[in-house]
Amino acid sequence: MLKKLGEVTICYCREERIMISFDTHIHTYPFSQDSHQSIHEVVGSNATSKYGYVLTEHMDYNYVGKMSFEFSPEEYFKTYLPYRNNRLLLGVEMGLQPDNLSKVAAAISKYDFDMVIGSIHCVGGDIAHLEYYDRLHKSEAYTNYLVRILECLEAYHDFDTLGHIDYICRYAPYSDPELHVSEHKAAFVAIFNFLIDHNMCLEINTRRLDSKVGYETLNEILRLYAFLGGRLVTVGSDAHKTENIAKNFDTAEKMIQEHGFTPVYFKERKRIEL
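Each step along the sequence shown adds one to the number in this note's numbering, with nothing skipped, and position 70 is 162.
In structure tokens, the structure reads:
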């Protein structure tokens with residue numbers, strides 16, 4: 093606002109604040125087998141939250157492991173449609189592997205998901221399991237992970253946001269489990285240029301932001317994304333328990349401000365910006 097006082101013009105400016113409007117990565121039981129929260133708990137939390145929620149249940153076709161990460165979309169929509177509204181949306185987190193992309197494509201085209209996260213959980217084996225790291229030096233394990241991300245992106249990219257790019261840091265057994273841009277810059281550049289060229293988003297996954305080293309790792313990655321021209325981000329807690337919904341969102345907002353990102357969410361596969 094401008095106000096003239098004699099010959100002096102005073103500008104009363106308020107700092108523009110970019111606000112996150114949705115937690116776009118939430119899991120519920122029984123459709124995500126590893127979740128510990130029910131739809132009723134999530135609905136109760138949503139009623140008092142300043143954020144909208146997107147449920148993003150695990151769908152990892154061809155997953156090899158003791159736990160199943162597939163669900164029936166028919167049952168999902170039948171059960172959850174009564175709860176769907178402008179503040180509670182129904183999405184999916186697709187686990188991407190080279191041998192399951194045709195199944196992923198068929199499901200995404202068939203079902204009315206609001207939002208689709210594309211994530212890498214497996215590189216041969218599940219990278220959450222220590223067996224994946226057997227006989228692998230850190231550089232090899234992490235290079236394989238980033239190559240798999242790019243490989244899946246190039247083969248199939250009809251999804252909205254790339255999920256938790258620092259996922260491997262949660263589980264790797266190395267003395268320094270962090271994913272450093274300086275050690276894999278070419279791979280990061282290729283991934284981010286692909287996202288930017290295809291108008292796709294990068295997820296700021298807030299799971300590790302209460303850790304100093306987790307924050308520093310993700311912020312280093314985001315800095316490169318911004319430098320290359322990346323602007324679109326989604327923000328997700330990856331909550332499997334109700335108390336973790338929207339966790340560390342204050343930190344994510346600072347990161348968004350620092351890098352000049354635009355936080356978005358998706359409804360009916362359409363990108364919504366503030």
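Idealized CB from N, CA, C, for every residue including glycine.
Look up P355 in the DSSP assignment and give the residues it is bridged to.
According to DSSP, P355 bridges with V325.
Let's test the definition: count the other Cβ atoms within 10 Å of the Cβ of M347 and tell me whether it reaches 16, buried, or not, exposed.
M347 counts as buried, since no fewer than 16 other beta carbons sit within 10 angstroms of its beta carbon.
Could you check which residue in R315, G306, H276 has the C-alpha nearest to that of K230?
Selected option, being the one with the closest Cα: H276.
Classify E166: buried if its beta carbon has 16 or more other beta carbons within 10 angstroms, exposed otherwise.
E166 comes out exposed.
When R179, L173, M151, I112 are compared against S137, the one with the closest alpha-carbon
Comparing C-alpha distances from S137 to each of R179, L173, M151, I112 shows the shortest one belongs to R179.
Are V135 and I118 closer than 9 Å when you measure CB to CB?
For V135 and I118, no; Cβs fall outside 9 Å.
Test item: CB-CB of V281 and V325 under 9 Å
With respect to V325, V281 sits apart: the two C-beta atoms are not nearer than 9 Å.
Can you have a look at D226 and say buried or exposed, based on whether 16 or more other CB atoms are within 10 angstroms of its CB?
Its Cβ having fewer than 16 others within 10 Å, D226 is exposed.
Grouping DSSP H, G and I as helix and E and B as strand, with all else coil, what is V156?
In the three-state reduction of the DSSP assignment, V156 falls in the coil class.
Cβ separation of L255 and S211, assumed to be a contact under 8 Å, to the nearest whole Å
Per the sequence presented here, residue 255 reads as Gly, with Leu not at that position. Rounded, the Cβ-Cβ distance is 4 Å, consistent with contact.
How far does the alpha helix (DSSP H) with G136 in it reach, from first residue to last?
Where G136 is concerned, the enclosing alpha helix (DSSP H) starts and stops at 131-140.
Classify M159: buried if its beta carbon has 16 or more other beta carbons within 10 angstroms, exposed otherwise.
Exposed is the call here.
Nearest CA to the CA of R299: which residue from Y168, D258, E232, I288?
Residue D258 holds the alpha-carbon nearest to the alpha-carbon of R299 among Y168, D258, E232, I288.
Counting beta carbon pairs with one atom in the stretch 289-299 and one in the stretch 324-342, are three or more of them shorter than 8 Å?
Yes, they touch.
State the CB to CB distance for the pair G187 and F161, rounded to an integer number of angstroms; the pair is presumed to be in contact (CB under 8 Å).
Right, the Cβ-Cβ distance comes to about 6 Å (below 8 Å), so this counts as a contact.
Can you have a look at E270 and say buried or exposed, based on whether 16 or more other CB atoms are within 10 angstroms of its CB?
Buried is the call here.
Quick one: what's got a C-beta closer than 7 Å to P190's C-beta in the same chain, skipping five residues either side?
The residues E243, C244, A247, in chain order, have a CB closer than 7 Å to that of P190 in the same chain once the five nearest residues on each side in sequence are set aside.
With a cut-off of 9 Å, does the C-beta of Y168 fall near any C-beta of chain C?
Looking for chain C here will not work: only one protein chain is present.
So, for L301: in the same chain, excluding its five sequence neighbours on each side, which residues have a beta-carbon less than 6 Å away from its beta-carbon?
Spatial neighbours of L301 in its own chain (CB-CB distance under 6 Å, excluding positions within 5 residues in sequence) are listed in chain order as Y307, N340, T343.
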